[in-house]
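Presented below is the structure to which this report refers.
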Amino acid sequence: MKPALTLAVAATALSLVACSSSAKAGGGGAASPSKLSGAITVDAASSLTEAFDALKSQFETAHPGTTIKLNYGASSDLSTQISQGAPVDVFASASEKNMQSLGSQAVGAKDFVSNTLEIAVPPGNPAHIGSVTDLANPGVKVAVCDPAVPCGVVAQQVFTNAKVTVQPKASLADVKSTLAAVESGEVDAGLVYVTDVRAAAGKVVGVPIPNDVNASTTYPIAVLKGSTNAVLARAFVAYVQSAAGRNVLTADGFEQP
Amino acid sequence: MTHARQRAALGTPAVVLPPALIGLLFLLLPTLAMLVRTPWSRLGAIYRDQHVWAALRISLESSLEATAASLVFGVPLAWLLARVRMPGIGIARAIVTIPLVLPPVIGGVALFNAFGRKGLLGSPIHSVLGQDLPFSFPGIVLAQVFVAMPFLVITVEGAFRISDRGVEEAAATLGASRSRIFLQVTVPLVLPAIVAGAVLCWARALGEFGATLLFGGNVPGSTQTLPTLVLSVFQRDPADAPALALPLMAVAVVVLVGLRDKWLRPIAS
Numbered sequence: 021m022k023p024a025l026t027l028a029v030a031a032t033a034l035s036l037v038a039c040s041s042s043a044k045a046g047g048g049g050a051a052s053p054s055k056l057s058g059a060i061t062v063d064a065a066s067s068l069t070e071a072f073d074a075l076k077s078q079f080e081t082a083h084p085g086t087t088i089k090l091n092y093g094a095s096s097d098l099s100t101q102i103s104q105g106a107p108v109d110v111f112a113s114a115s116e117k118n119m120q121s122l123g124s125q126a127v128g129a130k131d132f133v134s135n136t137l138e139i140a141v142p143p144g145n146p147a148h149i150g151s152v153t154d155l156a157n158p159g160v161k162v163a164v165c166d167p168a169v170p171c172g173v174v175a176q177q178v179f180t181n182a183k184v185t186v187q188p189k190a191s192l193a194d195v196k197s198t199l200a201a202v203e204s205g206e207v208d209a210g211l212v213y214v215t216d217v218r219a220a221a222g223k224v225v226g227v228p229i230p231n232d233v234n235a236s237t238t239y240p241i242a243v244l245k246g247s248t249n250a251v252l253a254r255a256f257v258a259y260v261q262s263a264a265g266r267n268v269l270t271a272d273g274f275e276q277p
Numbered sequence: 007m008t009h010a011r012q013r014a015a016l017g018t019p020a021v022v023l024p025p026a027l028i029g030l031l032f033l034l035l036p037t038l039a040m041l042v043r044t045p046w047s048r049l050g051a052i053y054r055d056q057h058v059w060a061a062l063r064i065s066l067e068s069s070l071e072a073t074a075a076s077l078v079f080g081v082p083l084a085w086l087l088a089r090v091r092m093p094g095i096g097i098a099r100a101i102v103t104i105p106l107v108l109p110p111v112i113g114g115v116a117l118f119n120a121f122g123r124k125g126l127l128g129s130p131i132h133s134v135l136g137q138d139l140p141f142s143f144p145g146i147v148l149a150q151v152f153v154a155m156p157f158l159v160i161t162v163e164g165a166f167r168i169s170d171r172g173v174e175e176a177a178a179t180l181g182a183s184r185s186r187i188f189l190q191v192t193v194p195l196v197l198p199a200i201v202a203g204a205v206l207c208w209a210r211a212l213g214e215f216g217a218t219l220l221f222g223g224n225v226p227g228s229t230q231t232l233p234t235l236v237l238s239v240f241q242r243d244p245a246d247a248p249a250l251a252l253p254l255m256a257v258a259v260v261v262l263v264g265l266r267d268k269w270l271r272p273i274a275s
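Laid out in structure tokens, this is it:
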């Protein structure tokens, strides 16, 4: 047992070393401004999953020899990781708060999209949800995002706007977890972004929230101060904000800020 | 060989000391750093603002219920594994170790497939009783029993295996029924192991995170335990998170003191 454990620890340590050295090699930088190369890591809010997956493959096709490594999660989580020194080049947050908390690590952040909420229900809408008010009915199982993450903050605003008190059954780590709880049929409804309902078309059904009740969040994007390949990072951020980038985002249901 | 040389040869080898000390420091430093960074002056405010008391209450209630359930089902299971000689008992023992080797978060996924609204057993429960286990207090107890009961079973099984059969045979000669022998003779004989197993099981249940987070739902006041609260606080106010470790560290101290005979004494002495 003990030699095996030692081996496991050694292997973990080795792989960590290997990871960090490959990250350094990957961030080696562009040879010249006209020819992009190398790799960058992009931390993005989990609601951006489908859009950024598409942007990554378009960008990599347009610039052979570049690699965009994507890491999705709750913006609050990603923000904490970045402030603790995670080697990240670009951060796309689902709220301005989680970008601002990075202070001087993320200067020049630009808002690039905004997003509103929708009620997602399992196909067939078993609990017959028609409005936000229905979510307050006893017996209706509702999943929301944890209030620590942007989609949870927006969900609380929606409840406030609708003047209802909802006792959620699940308070989940990020918006994709909330969507998954609806998809698996474990809850009757979940509050997710409009874009998540569209991305999960067929697996969940959307119940729109009227404008006077709905709330929105704005997504900023920035090249981070610690980037080891700032040239490529700036190029990717520019691409996200370009006409081609906007097309992808709009097609997924994001709005212009 | 002189005595002095003999002593030198049996003393601490030079290759042992530096790595041993580094290893020890490495194990100590994170806990120490957390204590150093605990915002002591804001402790009261943090405990009030971050739903700590509610989470602590839910943690204690659920872990004690999980331990009770583990005792009710785990002690008889341990006896079965220790005493029954038949083909397939090895497979039964392997089943008990599944939750030990499975990452707890996978345990959460497994629980959904078994007890979720559309799970193998959860689906009939839902249609007959209209009750769902995920995202409920019984759900977090279930998750904790799943990950913690094996600790109890394995500890108690070892004790059943080596306990004195002579006393049981004497009780049988005097006409005691098998169930009576089990309850009044065998179980008291292995009581120290049952206590040790229960403490281990309770500590594991109290610290359970992965399965509880996934299967429980992490809602403050109903399914948020202290470990899952730490995640939310770390996302929201990372600087406050060390303060939440104190109750769990107090538990760790209690467990160490309670089990000091088992863990803190060198085996040979």
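Read top to bottom, the protein sequences are chains V and F.
Per the working numbering, residue 21 is the first one in the first sequence, and the count goes up by one each step.
Per the working numbering, residue 7 is the first one in the second sequence, and the count goes up by one each step.
Backbone N, C-alpha and C define an ideal beta-carbon position, used for all residues, glycine too.
| said: Rounding to the nearest angstrom, what Cα-Cα distance links V286(F) and V133(V) in this structure? | reply: The requested residue 286(F) is not part of the displayed model; chain F covers only 7 to 275.
| Through-space distance from V151(F) to V42(F), alpha-carbon basis | Within the second sequence, residue 42(F) is the residue found at index 36, counting from 1. Within the second sequence, residue 151(F) is the residue found at index 145, counting from 1. V42(F) and V151(F): Cα-Cα distance of roughly 34 Å.
| query | Of the choices A100(F), F121(F), R266(F), E163(F), whose alpha-carbon is the least far from that of A84(F)? | reply | Sequence index remark: in the second sequence, residue 84(F) carries index 78 (1-based). Nearest C-alpha to A84(F): E163(F).
| On the premise that V191(F) lies in contact with A177(F), defined as a C-beta separation below 8 Å, what is that separation, rounded to the nearest angstrom? | Numbered from its first residue, the second sequence carries residue 177(F) at position 171. Numbered from its first residue, the second sequence carries residue 191(F) at position 185. Correct: roughly 5 Å between the Cβ atoms.
| Close-in-space but distant-in-sequence residues of the same chain around V217(V) (CB under 7 Å, 5 per side omitted) | Residue numbering aside, residue 217(V) sits at position 197 when the first sequence is read from its first letter. So the list reads E138, A140, V224, G226, once near-sequence residues are dropped.
| field | G122(F): contacting residues in chain V (beta-carbon distance under 9 Å) | value | Residue 122(F) sits at position 116 when you count from the first residue of the second sequence. Correct list: S204, G205, E206.
| task | Please determine if the stretch 123-138 of chain F and the stretch 90-106 of chain F are in contact, where contact requires at least 3 C-beta pairs separated by less than 8 Å. | result | no
| query | Where does K189(V) land, buried or exposed, given buried means 16+ other C-beta within 10 angstroms? | reply | If you number the first sequence from 1, residue 189(V) lands on position 169. By the neighbour-count rule (16 or more Cβ atoms within 10 Å), K189(V) is buried.
| request: Using a cut-off of 8 Å between C-beta atoms, extract the partners of V169(V) located in chain F. | output: Within the first sequence, numbered from 1, the residue matching residue 169(V) stands at position 149. Those are Q241, listed as they occur along chain F.
| field | Coil, strand or helix - A132(V) by DSSP | value | In the first sequence, the residue the question calls residue 132(V) occupies position 112. This sequence places Phe at residue 132(V); Ala is not what is there. If DSSP states are grouped into helix, strand and coil, F132(V) belongs with the strands.
| request: Helix, strand or coil for T153(V), going by three-state DSSP, please let me know. | output: Within the first sequence, numbered from 1, the residue matching residue 153(V) stands at position 133. Correct three-state label for T153(V): helix.
| task | Tell me whether D63(V) sits in a helix, a strand or coil according to DSSP, three-state version. | result | If you number the first sequence from 1, residue 63(V) lands on position 43. Correct three-state label for D63(V): strand.
| Does the beta carbon of N224(F) come closer than 7 Å to any beta carbon on chain B? | No chain B is part of this structure, whose protein chains are labelled V and F.
| request: Please name the residue, chosen from G172(V), A250(V), K76(V), that lies closest to V268(V) on a Cα-to-Cα basis. | output: Mapped onto the first sequence, residue 268(V) falls at position 248. With distances taken between Cα atoms, V268(V) lies closest to K76(V).
| query | Where does A147(V) fall in DSSP's three states? | reply | As a working note, residue 147(V) is residue 127 in the first sequence. It is coil, neither helix nor strand.
| message | To the nearest angstrom, how far is the alpha carbon of L232(F) from that of M40(F)? | response | In the second sequence, residue 232(F) corresponds to position 226, counting from 1. In the second sequence, residue 40(F) corresponds to position 34, counting from 1. So the two alpha carbons sit approximately 16 Å from each other.
| What in chain F is Cβ-close to A94(V), meaning under 7 Å? | Against the first sequence, residue 94(V) aligns to sequence position 74. Near A94(V) (Cβ distances below 7 Å), the residues of chain F are Q241.
| task | Output yes if chain F places a C-beta closer than 7 Å to the C-beta of P228(V); else output no. | result | The residue given as residue 228(V) occupies position 208 in the first sequence. No, because no Cβ of chain F sits closer than 7 Å to the Cβ of P228(V).
| Quick one: what's got a C-beta closer than 8 Å to P277(V)'s C-beta in the same chain, skipping five residues either side? | Locating residue 277(V) in the first sequence gives position 257, where the first residue counts as 1. Around P277(V): D131, F132, V133, S134, T238, Y239.
| field | Rounded straight-line distance, which links the Cα of P140(F) to that of P143(V) | value | Walking along the first sequence from the start, residue 143(V) turns up at place 123. Walking along the second sequence from the start, residue 140(F) turns up at place 134. Rounded to whole angstroms, P143(V) to P140(F) spans 20 Å at the Cα level.
| said: Between L23(F) and chain V, is the shortest Cβ-Cβ distance under 7 Å, so that the two count as touching? | reply: Mapped onto the second sequence, residue 23(F) falls at position 17. No Cβ of chain V is located within less than 7 Å of the beta carbon of L23(F).
| Beta-carbon gap between L192(V) and T198(V) smaller than 7 Å | For the purposes of this step, residue 192(V) is taken as the residue at position 172 of the first sequence. For the purposes of this step, residue 198(V) is taken as the residue at position 178 of the first sequence. Yes, these two residues count as a Cβ contact at 7 Å.
| field | Nearest-angstrom Cα separation, counted from G123(V) out to P23(V) | value | Here residue 23(V) refers to the residue found at position 3 of the first sequence. Here residue 123(V) refers to the residue found at position 103 of the first sequence. Low local confidence applies: a pLDDT of 47 at P23(V) is under 50, so the model's placement there is unreliable, with the coordinate-based value given in what follows. Between P23(V) and G123(V), the C-alpha separation is close to 46 Å.
| Applying a beta-carbon distance threshold of less than 7 Å, which residues of chain V neighbour S238(F)? | By one-based count along the second sequence, residue 238(F) stands at place 232. Going along chain V in sequence order, the residues near S238(F) (Cβ under 7 Å) are D166, A168.
| query | Thinking C-alpha only, which one of V110(V), E275(V), Q187(V) is nearest A126(V)? | reply | Here residue 126(V) is taken as the residue at index 106 of the first sequence, counted from 1. The candidate whose alpha carbon is nearest that of A126(V) is V110(V).
| query | If you measure from the beta carbon of K196(V) to each beta carbon in chain F, is any gap under 7 Å? | reply | Position 176 of the first sequence, counted from the first residue, corresponds to residue 196(V). Chain F contact via Cβ: absent.
| task | Count the other CB atoms, across all protein chains shown, that sit within 10 Å of the CB of Y213(V); report buried if there are 16 or more and exposed otherwise. | result | Position 193 of the first sequence, counted from the first residue, corresponds to residue 213(V). Under this definition Y213(V) is a buried residue.
| field | Residue(s) in a DSSP beta bridge with S191(V) | value | Here the question's residue 191(V) lines up with position 171 in the first sequence. According to DSSP, S191(V) bridges with V164(V).
| task | Measure the beta-carbon distance from D166(V) to N224(F) and round it to whole angstroms, keeping in mind my assumption that it falls under 8 Å. | result | The count along the first sequence starts at 1 and reaches residue 166(V) at position 146. The count along the second sequence starts at 1 and reaches residue 224(F) at position 218. Right, their Cβ atoms sit about 7 Å apart.
| said: Rounded to whole angstroms, what is the Cα-Cα separation between G58(V) and V257(V)? | reply: Within the first sequence, residue 58(V) is the residue found at index 38, counting from 1. Within the first sequence, residue 257(V) is the residue found at index 237, counting from 1. The C-alpha of V257(V) is placed about 15 Å away from the C-alpha of G58(V).
| Which word fits M155(F), buried or exposed, when buried means at least 16 other C-beta atoms lie within 10 angstroms of its C-beta? | Your numbering for residue 155(F) matches position 149 in the second sequence. The residue is buried, with at least 16 neighbouring Cβ atoms inside 10 Å.
| request: Give me the Cα-Cα distance between P24(F) and V174(V), rounded to the nearest whole angstrom. | output: Against the second sequence, residue 24(F) aligns to sequence position 18. Against the first sequence, residue 174(V) aligns to sequence position 154. So the two alpha carbons sit approximately 53 Å from each other.
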